[in-house]
Amino acid sequence: MTVPTRRGFTLIEVLVVVVIIGILAAVAIPKFRASKDKAKLATVKTDLKNLRTAQEAYYGYKGRYTTALSATLFKLSTGNTASMTGGTLSFTGTVTNASISGTPKSCKVSVGVTATTEGKMICS
0 MTVPTRRGFT
10 LIEVLVVVVI
20 IGILAAVAIP
30 KFRASKDKAK
40 LATVKTDLKN
50 LRTAQEAYYG
60 YKGRYTTALS
70 ATLFKLSTGN
80 TASMTGGTLS
90 FTGTVTNASI
100 SGTPKSCKVS
110 VGVTATTEGK
120 MICS
C-alpha cells in the first residue's frame, strides 16, 4: 500500500512569500511615485522652454512680448498651467503642475531688458 504524496505549500511558506512581496512593495511604491513626479517636472521644464521659444518668435515677428498665451499659439502639456507677466521689452513666464507631490512644482524664466539672469530657468 502506498501513501499518497501531498502537493502544495505549507502555511509558513505562503506567509514568507507574502512578507517578501510586502517588503518589495514598500520599497517600490515610493520610488515609483518619485519617478512620476520627475516626469511631471520634466513636462513643466519642457513647456517653459517651448514657451520661451514661442515668445521669442512672437517678439521677432511683432517687436514686443505678449502676456496672452493664445497669441503665441502655444499649447501646454496636460496638467500644466502657465502665467506670463511683462510688457514690450521683457517677460517672465511661469509653468506650474499642481499634481506634483513634492517640490519644485513650478519653474519660471525671465527674458528681456529687466531680466536679472536672462533666460535662466529657476524651479521652486
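If you're matching positions, the sequence shown starts at 0 in numbering that gives the first Met the number 0 and goes up one per residue.
Glycine included, each C-beta is placed from N, C-alpha and C at the ideal position.
Being a predicted model, the structure only gives us computed values, none of them experimental.
At what residues does the beta strand (DSSP E) containing A25 begin and finish? Looking at the DSSP string, A25 is not in any beta strand (DSSP E); the run it does join, the alpha helix (DSSP H), is 10 to 61.
Contact defined as beta carbons within less than 8 Å: I believe G111 pairs with Y64. What is the distance between those atoms, to the nearest angstrom? With 8 Å as the limit, G111 and Y64 qualify as a contact, their Cβ atoms being about 7 Å apart.
Taking only the alpha-carbon atoms, compute the straight-line gap between R32 and A24 and give it to the nearest angstrom.
-> Cα to Cα, the separation comes out at about 12 Å.
One question on the structure: do S132 and D46 come within less than 8 Å of each other, judged by their Cβ atoms?
Given that the chain is displayed from residue 0 to residue 123, the structure contains no residue 132 and the question cannot be resolved.
Item to complete: Check T4 in the structure and name its three-state DSSP category.
Response: It is coil, neither helix nor strand.
* To do: Thinking I99 and K39 are a contact (beta carbons under 8 Å), I'd like their distance in whole angstroms, please.
  => Between K39 and I99 the Cβ distance is about 5 Å, and since that is below 8 Å, they are a contact.
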